[in-house]
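See below for the structure under consideration.
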Amino acid sequence: MAVMGRLAAAFAMTDPVWERHANPWSGLTRMPVLPLAAMAIFSRVWIGWWCLIPLALLVVWTWINPRAFGPPLSTRGWMSRAVMGERVWLNAAVVPIPRHHSRAAAWLSIMPVIGLAPMIWGLWVLDPWASALGVVLTLIVKLWFLDRMVWLFDDMAVHHPPYAAWLR
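In terms of this note's numbering, the sequence shown opens at residue 43 and continues consecutively.
Here you go:
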């Protein structure tokens, strides 16, 4: 979780940025980043070093994305609650979270390695099936993690009024 906290700091995730990131469009438009990155890396065979341009654009988009959309009208949707759950999880040093949530979140944040391994291998040897399998496995685990974050947020909002105040 310390790594995730450093990532949030690198992304300069202030309260207003988190509020904007809770917009479902923010979460939904981040989902294609991994498949697009894999496609850019795979394209190195045809376009050479030019493949770094789409990769750089994806890195820029990943940083801009939480700021690109306005705060949502409602934060009761699944994606909004997933983002707020990530925020709760990253704040666990200040407001402790139940152990069953912290263990599950820790495992689910490590599990993408299962998908990244075939994806990286597939991109290295130019095997489209291994690459696609890796991307799909990684996205499945990411969605599972986000679902767990919804559960975490829902549980914590009941017991911690400042978190409940994020709902509208």
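Note that the Cβ used here is the ideal one computed from N, Cα and C, for glycine as well.
| Check | Outcome |
| --- | --- |
| Close Cβ partners of G112 (< 8 Å) along its chain, the five nearest in sequence each way excluded | R62, N65 |
| Environment of L165 [buried if 16+ CB atoms lie within 10 Å] | buried |
| 8 Å contact criterion, which A110 and S68 should meet: CB distance rounded | 7 Å |
| Three-state class that DSSP yields for V130 in the structure shown | helix |
| Cβ shell of L188 (< 6 Å), same chain only, five flanking positions each side left out | A124 |
| Limits of the alpha helix (DSSP H) - the one that T180 falls within | 170–201 |
| Three-state secondary structure (DSSP) of G90 | helix |
| In chain order, each alpha helix (DSSP H) run of at least 4 residues that lies wholly inside the segment 49–76 | 57–63, 66–72 |
| Nearest-angstrom Cα separation, counted from P204 out to S173 | 42 Å |
| Contact the segment 98–106 vs the segment 145–159: 3+ CB pairs below 8 Å | no |
| Limits of the alpha helix (DSSP H) - the one that W163 falls within | 154–167 |
| Spatial distance of A199 from L78 (CA atoms) | 35 Å |
| G176 versus R118 - alpha carbon distance | 31 Å |
| Close beta carbons around M191, own chain, < 6 Å, minus the five adjacent residues each side | A124, G127, E128 |
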